[in-house]
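89 is the number of the first residue of the sequence shown in the numbering used here; add one for each residue after it. Data block below; observations after.
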Amino acid sequence: MQHTDGRPAEPGGGVADGATFDFIVCGAGSAGSVVAGLLSADPAATVLLLESGGDDDSQFVRDPDLWPANFGTEREWAFVTEANPQLNGRRLAYSMGRGLGGGGSVNAGVWARGHRTDWDGYAATAKDERWGYRDVLETYRAIEDWHGAPDPERRGTGGPVSVRPSQDVHPLFTTMLDAAEAAGIPRFDSANGALMEHGRGCSVRDENIEDGERRSPYRCYLADHLDRPNLTVLQDTTVSRVLLDGRTAVGVEAVSGGRVTRFRAAHEVVLSAGAINTPAVLLRSGIGDESDLRSFGIPVVQHLPGVGRNLDDHIRFGCVWEAHDIPMPPPTRSQAVCFWEDETRPGAPEFFLYLSPTGSVSPESAAQYPLPERAVTFLPGMRQRGRGQVSLAGTDPTLAPRVDTRFLSDPDDMASALACVAMAREVGNSAAFAPYLKREVAPATSTRADVEMFLRNAVETFWHQCGTARMGADREAVVDGRLRVHGITGLRVADASVLPHVTLANTTAP
Numbered sequence: 089m090q091h092t093d094g095r096p097a098e099p100g101g102g103v104a105d106g107a108t109f110d111f112i113v114c115g116a117g118s119a120g121s122v123v124a125g126l127l128s129a130d131p132a133a134t135v136l137l138l139e140s141g142g143d144d145d146s147q148f149v150r151d152p153d154l155w156p157a158n159f160g161t162e163r164e165w166a167f168v169t170e171a172n173p174q175l176n177g178r179r180l181a182y183s184m185g186r187g188l189g190g191g192g193s194v195n196a197g198v199w200a201r202g203h204r205t206d207w208d209g210y211a212a213t214a215k216d217e218r219w220g221y222r223d224v225l226e227t228y229r230a231i232e233d234w235h236g237a238p239d240p241e242r243r244g245t246g247g248p249v250s251v252r253p254s255q256d257v258h259p260l261f262t263t264m265l266d267a268a269e270a271a272g273i274p275r276f277d278s279a280n281g282a283l284m285e286h287g288r289g290c291s292v293r294d295e296n297i298e299d300g301e302r303r304s305p306y307r308c309y310l311a312d313h314l315d316r317p318n319l320t321v322l323q324d325t326t327v328s329r330v331l332l333d334g335r336t337a338v339g340v341e342a343v344s345g346g347r348v349t350r351f352r353a354a355h356e357v358v359l360s361a362g363a364i365n366t367p368a369v370l371l372r373s374g375i376g377d378e379s380d381l382r383s384f385g386i387p388v389v390q391h392l393p394g395v396g397r398n399l400d401d402h403i404r405f406g407c408v409w410e411a412h413d414i415p416m417p418p419p420t421r422s423q424a425v426c427f428w429e430d431e432t433r434p435g436a437p438e439f440f441l442y443l444s445p446t447g448s449v450s451p452e453s454a455a456q457y458p459l460p461e462r463a464v465t466f467l468p469g470m471r472q473r474g475r476g477q478v479s480l481a482g483t484d485p486t487l488a489p490r491v492d493t494r495f496l497s498d499p500d501d502m503a504s505a506l507a508c509v510a511m512a513r514e515v516g517n518s519a520a521f522a523p524y525l526k527r528e529v530a531p532a533t534s535t536r537a538d539v540e541m542f543l544r545n546a547v548e549t550f551w552h553q554c555g556t557a558r559m560g561a562d563r564e565a566v567v568d569g570r571l572r573v574h575g576i577t578g579l580r581v582a583d584a585s586v587l588p589h590v591t592l593a594n595t596t597a598p
């Protein structure tokens, strides 16, 4: 383990067992690093930030084009899902970011703020208008330093996060927008402006990338303030449970280097460990469904049946074409995006489409449809109606939780999946793409049964996990509109776990 300045530290980070801080933030991802940065801006407040992973000092973090190289390294939580009978019994690799910056340090750099209906829906669920679209627009305007076409009603300047449209857009992605327009998806100036108030649209994507370098929320809100005397950041320290005095959070128990350490919170504990680890911490702390807790011998502190339930995500399908022998852009980042709704999901965009100039498919799909030497993959994604669950595999904090996505478990999701892939095929097979694409490789079939088989083998995650400690006022809600855990004093959740459903696209900005 190391201090944030790189000095070696003893287990526990050189911080005494039982040391007290005003605030303890658990997890330094896109949410937790911002929370810690804002709290520690008050010199009167002492803040402890605990992160299970290491630092972000790597070219594979700085250069967003290298983001796939983080798979299989110490910068990911390499979860594996339960076998899913709807996916021919497949178990999916289910990665999440680990280390300073979390997923915001290892993703593709997409800045996608969410649709108007997402935020207005959250406000209704939380019974708190501050989650509504108009209020959230003001928050985003304060966050952003926008470098694009002026839109003062929706975009801000001078904020900590530098956001701009993708630069030096390759003609392949301009062609994608032309093909989408031909398919009835209108083009907009920005993926986060007026488009997020309409039912469909396409645009060059927005990025939190500056001069070719990632500007993660961690870099924007915390990295330059690690020398604050009131801020302590411990890496390689995994939170196992919240310490409770009755129904009041008074600290956390953590594991580092095989040693168990306890830290005290005089004011509040904030869980920002992500949509898989946050519910696991709550469950190990005795907060969750009482029958689940008792099955592991965990004393019940607060019966909250929604903990770990409502797991939401975007389902991804890789549709492949063989490309002509002409120059292609770098293979890792799509520079354009499309959004749409249809009769299977009316009312708001439920589908989106990216494009990767390389082969990017599941192992099972690659076995069914071998990749050509020059492959282009259209990556349509959709929201699911069904919901999954995160549950404990045991009480040992080093034991990975069980993750059951239940992708395609709702019968209506298959109809939507068929419609989603049909749009991707219409775009890919359009006349606009004829100079680039030679033939469709997968699914390349017109029979419903064959396309359904393709879908069950092609499904992967878009790594947008959320919902497992959702906000609301009903019995399945875990936190209220101010993110306070129901029935527990001094404990909040601040990460994508609180979102009642996944936003329209990528989740870093939300």
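Glycine included, each C-beta is placed from N, C-alpha and C at the ideal position.
Of the candidates Gly469, Thr535, Pro437 and Phe111, Pro437 places its Cα closest to the Cα of Gly289. Bounds of the alpha helix (DSSP H) holding Trp207 are Arg204 to Ala214.
Taking the Cα of Pro367 as reference, the smallest distance to any Cα among Ser585, Val122 and Gly160 is reached at Ser585. Here the region 569-576 makes contact with the region 327-339; the two share three or more CB pairs at distances below 8 Å. Per the Cβ contact rule, the region 249-269 is in contact with the region 435-455 (3 or more Cβ pairs under 8 Å). In the structure shown, the three-state DSSP call for Arg544 is helix. Per DSSP, reduced to three states, the secondary structure at Trp234 is strand. In this chain, Phe261 is not harboured by any beta strand (DSSP E); it is covered by the alpha helix (DSSP H) spanning Pro259 to Ala270. Selection Asp501, Ala200, Leu331 and Thr205 evaluated against Tyr228 yields Ala200 as nearest (Cα-Cα).
Judged by beta-carbon spacing, Arg307 lies beyond the 8 Å limit of Ser254, meaning their Cβ atoms are not closer than that value. The beta carbon of Thr325 sits closer than 6 Å to those of Leu138, Ala342 and Ser344, all from its chain and outside the five residues before and after it, given in chain order. With a threshold of 16 other beta carbon atoms within 10 Å, Ile414 falls short and is exposed. The Cβ atoms of Ser479 and Ala530 do not sit closer than 8 Å to each other.
C-alpha of Arg186 to C-alpha of Val321: approximately 15 Å in a straight line. For the alpha helix (DSSP H) assignment, the uninterrupted runs of no fewer than 4 residues enclosed by the region 495-545 are, from N- to C-terminal side, 499-516. Its chain contains Arg350 and Arg352 as the residues whose beta carbon lies nearer than 7 Å to that of Gly106, once the 5 sequence neighbours on both sides are disregarded; these appear in chain order.
Going by beta carbons, Cys407 and Pro468 fall inside the 8 Å limit. Each residue's CA atom was taken as its position, placing Gly247 and Gly236 some 14 Å apart. Uninterrupted alpha helix (DSSP H) stretches at least 4 residues long and entirely within the region 305-339 occur at 305-309, given in chain order. Annotation for Ile364: the continuous alpha helix (DSSP H) segment containing it runs Gly362 to Arg372. Put simply, the backbone Cα of Val224 is about 13 Å away from that of Asn280. Across the set Ala546, Ala361, Ser128 and Val168, the C-alpha of Ala546 shows the shortest separation from the C-alpha of Leu496.
Using a C-beta cut-off of 8 Å, the region 365-380 makes contact with the region 390-410, since at least three inter-stretch Cβ pairs fall below that distance.
Here the alpha carbons of Ser278 and Asp239 stand approximately 10 Å from one another.
Looking at Gly189, Pro274 and Trp165, the one whose alpha-carbon comes closest to that of Phe427 is Pro274.
Distances from the CA of Thr596 to each of Glu295, Glu548 and Ser383 were compared; the closest alpha carbon is that of Glu295. Note that the region 550-568 does not touch the region 517-537; fewer than 3 beta-carbon pairs, one per stretch, sit closer than 8 Å.
The beta carbon of Gly190 is closer than 6 Å to those of Gly117 and Ser118 in its chain, skipping five residues each way along the sequence. Cβ contact annotation for Glu285 (same chain, cutoff 6 Å, sequence separation greater than five): Arg204, in chain order. Taking 8 Å as the cut-off, the beta carbon of Met470 is found closer than this to the beta carbon of Ser504. A direct Cα-to-Cα measurement between Thr486 and Gly141 gives close to 13 Å.
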